[in-house]
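K.L.:
Numbering (my numbering), first residue to last: 144 to 299.
This is the structure we're talking about:
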């Protein structure tokens, strides 16, 4: 069985459109990457977590420094990443100021295969993006979550 991740796609309504919050990974590998490099705030469940939604909420808080908003989450299902990882996501309506990002730091090997490490923020920035921009910037598999969110909101 492949690895699993769980995440939250925060969205807000702005006039007649929707914006989603997307996150850019920190560290030197990602520093100059934009197109198809972004993600929803997500991560692997802890061994003690049996509910993926609980893992998604915890990961959102760890990666953004903000508690996820209350409300009934909208299940966006799963996507399979090219790496083989399965990502399960939920959407929640809410708002946060990207300028107040407080991500956890992680240790990564840099330069690769040297045994040296650097400490970097897990997420170095978040932005609100309209659907077309989000699809362009998100990892291609995760861009599907934007389409699923829009379809669900259109039905509501």
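Cβ coordinates follow ideal geometry from the N, Cα and C atoms, glycine included.
Would you say residue 295 faces chain C, with C-beta separation under 9 angstroms as the test?
P.N.:
Any reference to chain C falls outside this structure, which holds one protein chain only.
K.L.:
Considering only DSSP beta bridges, list what residue 161 is partnered with.
P.N.:
Looking at the DSSP assignment, residue 161 forms a beta bridge with 156.
K.L.:
How many Å lie between residue 176 and residue 243 at the Cα?
P.N.:
Going by the C-alpha atoms only, they are around 22 angstroms apart.
K.L.:
Residue 194: which of 277, 286, 274 and 147 sits nearest, CA to CA?
P.N.:
Out of 277, 286, 274 and 147, 147 has the C-alpha closest to the C-alpha of residue 194.
K.L.:
Rounded to whole angstroms, what is the Cα-Cα separation between residue 229 and residue 221?
P.N.:
Distance between the alpha carbons of residue 229 and residue 221: 7 angstroms.
K.L.:
Mapping the DSSP letters down to three states, classify residue 179 as helix, strand or coil.
P.N.:
Of the three classes helix, strand and coil, the one that applies to residue 179 here is coil, per DSSP.
K.L.:
Let me check understanding here. Comparing Cα to Cα, which of 284, 153 and 291 lies closest to residue 178?
P.N.:
When only C-alpha atoms are compared, the closest one is 284.
K.L.:
Less than 9 angstroms separating the beta-carbons of residue 152 and residue 288?
P.N.:
Yes; because the gap between Cβ atoms is below 9 angstroms, this pair is in contact.
K.L.:
Taking 9 angstroms as the threshold (C-beta atoms), are residue 162 and residue 286 in contact?
P.N.:
For residue 286 and residue 162, no; Cβs fall outside 9 angstroms.
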